[in-house]
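Visitor: Please find one structure pasted underneath; my questions will follow.
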Amino acid sequence: MRRLLTIFVGLLLTAATSAMAEPRSVLVVLSENAGAYREAADALVAALEKDNSRPQALVRIVPLSALAREAERSTPGLIVPVGTRAAQAVAALESPAPVLNTLIPSQVHR
1 MRRLLTIFVG
11 LLLTAATSAM
21 AEPRSVLVVL
31 SENAGAYREA
41 ADALVAALEK
51 DNSRPQALVR
61 IVPLSALARE
71 AERSTPGLIV
81 PVGTRAAQAV
91 AALESPAPVL
101 NTLIPSQVHR
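According to the working numbering, the sequence shown is numbered sequentially starting from 1.
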């Protein structure tokens with residue numbers, strides 16, 4: 001799962017930033033700030049930082065409870081909710097930013 005997420009987000013960000021001089025901002029919203037949710041977010045950050053001469057994106061990781069405050073503060077170039085509750089909350093925002101929903105399989109929680 002981590003490898004697929006890394007590849008997909010890397011491709012998406014490469015396409016999104018290729019025409020831009022400045023890196024885009026990415027807001028990662030976690031349904032829970034621990035376990036598999038945090039692991040997925042950390043893998044995303046590691047993938048974006050790996051082997052790059054310049055940052056592809058400025059990544060902010062926030063818990064679900066901070067989403068409203070972050071949404072008022074800025075408009076990210078990409079929102080990556082991790083988990084069902086985060087995806088539902090981001091959908092309710094109706095943000096103009098593209099959204100990459102990332103769900104954690106239930107087997108991970110067992």
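Don't be surprised by glycine CBs; every beta carbon is placed ideally from N, CA and C. Bear in mind the structure is a predicted one, so any value in this text is a computation, not a measurement.
Rounded to whole angstroms, what is the Cα-Cα separation between Leu100 and Gln107?
Guide: As a first step, residue 100 must be located in the sequence shown, where it is residue number 100. As a first step, residue 107 must be located in the sequence shown, where it is residue number 107. Their backbone Cα atoms lie some 21 Å apart in a straight line.
Visitor: Under three-state DSSP, which class holds Thr84?
Guide: By one-based count along the sequence shown, residue 84 stands at place 84. Thr84 falls in the helix class under three-state DSSP.
Visitor: Can you tell me whether DSSP reads Ala97 as helix, strand or coil?
Guide: By 1-based counting over the sequence shown, the position of residue 97 is 97. In the structure shown, Ala97 sits in coil (DSSP, three-state: anything other than H, G, I, E or B).
Visitor: How about Pro81: is its C-beta nearer than 9 Å to some C-beta of chain C?
Guide: Reference to chain C is not applicable here, since this structure consists of a single protein chain.
Visitor: To which residues does DSSP link Val62 through a beta bridge?
Guide: By one-based count along the sequence shown, residue 62 stands at place 62. Paired residue(s): Val29.
Visitor: Leaving out the 5 sequence neighbours to the left and right, which residues in its chain are closer than 7 Å to Asn33 when beta-carbon positions are compared?
Guide: Position 33 of the sequence shown, counted from the first residue, corresponds to residue 33. Same-chain partners within the cutoff: Pro63.
Visitor: The alpha helix (DSSP H) spanning Gly35 covers which residue range?
Guide: Here residue 35 is taken as the residue at index 35 of the sequence shown, counted from 1. Segment 35-49, the alpha helix (DSSP H) holding Gly35.
Visitor: Ile104 and Ser31: beta carbons closer than 9 Å?
Guide: Working through the sequence shown from its first residue, we reach residue 104 at position 104. Working through the sequence shown from its first residue, we reach residue 31 at position 31. In this structure, Ser31 lies closer than 9 Å to Ile104 by Cβ.
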